[in-house]
Amino acid sequence: MSVEQTEKGFNLDVPLPEEITQLLKQPVCADISLPEPASVSLKLPNGSSIKGIGDVTQGIPTSCSLNFSLLLQLGPILANLECFIKLLKLIEPLIDVVKGLPFPPVEAIKKFVEASADVGVCIASLTTPLGMLPFAKDIVCLIIRTLTCLIEAMKSILALMEKLSLDMIAAAGNPTQQAIIQCAQENAQRSAQAQLQAIEPVMVIMDIAAPIFEIAQVGPIEIPTFDNVEGIDGVKNFIETVEGVLATLELIVGGCD
Numbered sequence: 295m296s297v298e299q300t301e302k303g304f305n306l307d308v309p310l311p312e313e314i315t316q317l318l319k320q321p322v323c324a325d326i327s328l329p330e331p332a333s334v335s336l337k338l339p340n341g342s343s344i345k346g347i348g349d350v351t352q353g354i355p356t357s358c359s360l361n362f363s364l365l366l367q368l369g370p371i372l373a374n375l376e377c378f379i380k381l382l383k384l385i386e387p388l389i390d391v392v393k394g395l396p397f398p399p400v401e402a403i404k405k406f407v408e409a410s411a412d413v414g415v416c417i418a419s420l421t422t423p424l425g426m427l428p429f430a431k432d433i434v435c436l437i438i439r440t441l442t443c444l445i446e447a448m449k450s451i452l453a454l455m456e457k458l459s460l461d462m463i464a465a466a467g468n469p470t471q472q473a474i475i476q477c478a479q480e481n482a483q484r485s486a487q488a489q490l491q492a493i494e495p496v497m498v499i500m501d502i503a504a505p506i507f508e509i510a511q512v513g514p515i516e517i518p519t520f521d522n523v524e525g526i527d528g529v530k531n532f533i534e535t536v537e538g539v540l541a542t543l544e545l546i547v548g549g550c551d
């Protein structure tokens with residue numbers, strides 16, 4: 295400690311604890327910068343694509359929120375695509391049948407051949423393993439990203455649960471403090487149950503995408519159901535199970551971009 299005399303008295307240099315010094319530091323831009331807006335998309339077999347839609351009322355869209363939005367958009371698309379694929383499978387042999395009919399009008403055959411050439415592109419992209427594989431891979435990668443976000447959220451909840459468990463032990467003999475901690479534990483459990491809702495759209499997508507995976511010769515892909523996840527052990531088991539599913543999915547698609 296140093297002392298400096300001035301006209302108005304003394305200036306004392308009093309060292310502060312390191313944690314207080316850090317708190318008093320002027321923040322730098324890197325500490326308070328907002329994240330860049332995320333962007334995710336999925337390419338459809340016909341060459342078009344859909345993009346994740348962010349809810350700007352909830353702040354800057356994150357990768358996780360956009361992936362979940364993409365998942366919700368994909369469901370109706372896959373549901374409508376199933377009948378179209380069945381129709382193309384019917385048209386493919388029908389083209390050969392018509393071409394083989396005896397003595398059809400030359401002009402009609404010409405128009406039919408021209409039209410069937412255009413349809414043939416759709417048939418190849420939607421009914422063959424080579425054509426459907428990129429789409430199937432994109433679907434699996436979307437599921438991987440969604441489950442990864444879910445695991446990250448559950449790991450944060452698990453860390454909170456473990457801390458609250460230690461706090462409860464430390465608060466032994468203090469009923470008021472224990473009541474506050476118990477309330478926080480109940481809220482953490484509710485947060486875990488809320489996060490589980492993200493599994494439901496994943497399961498729906500997996501179900502209606504089954505014909506896509508079959509055509510692309512991807513899989514079989516199975517995701518276990520989770521009726522309830524209780525307490526620290528339940529959350530741990532959930533995380534371990536989903537991480538195992540992720541490892542299998544990544545092995546199936548050979549990595550995502």
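Per the working numbering, the sequence shown starts with residue 295, numbered consecutively. Cβ coordinates follow ideal geometry from the N, Cα and C atoms, glycine included. Just so it is clear, the structure is predicted and the values come from calculations on it, not from any experiment.
Inter-residue spacing [alpha-carbon to alpha-carbon] between residue 417 and residue 408: About 15 Å.
Of the listed residues 551, 369, 475, 539, nearest to residue 441 (C-alpha basis): For the residues 551, 369, 475, 539, the minimum Cα distance to residue 441 belongs to 539.
Sub-8 Å separation of residue 479 and residue 448 beta-carbons: Not in contact: residue 479 and residue 448 (Cβ atoms no closer than 8 Å).
Among 443, 493, 376, the one whose alpha carbon lies nearest that of residue 357: Residue 443 is the option with its Cα nearest to residue 357.
Coarse secondary structure for residue 427, derived from DSSP in three states: Three-state DSSP puts residue 427 in a helix.
Buried versus exposed, by CB contacts within 10 Å (16 or more), residue 481: That one is exposed.
Presumed contact (8 Å Cβ cut-off) between residue 499 and residue 369, rounded CB distance: With a Cβ gap of about 6 Å, residue 499 and residue 369 count as contacting.
Per DSSP, the bridge partner or partners of residue 335: Residue pairing from DSSP places residue 335 in a beta bridge opposite 345.
Buried/exposed call for residue 532, threshold 16 Cβ in 10 Å: It is buried - the Cβ of residue 532 has at least 16 other Cβ atoms within 10 Å.
Validate contact between the segment 424-439 and the segment 507-521 using beta carbons, cut 8 Å, 3 pairs: Counting Cβ pairs under 8 Å, three or more are found: they touch.
For residue 405 and residue 522, the rounded distance between their alpha carbons: Pairing residue 522 with residue 405, the inter-Cα distance amounts to about 59 Å.
Alpha-carbon spacing of residue 296 relative to residue 536, whole angstroms: Reliability of the predicted coordinates at residue 296 is poor, the pLDDT of 47 falling under 50, and no value is obtained from them.
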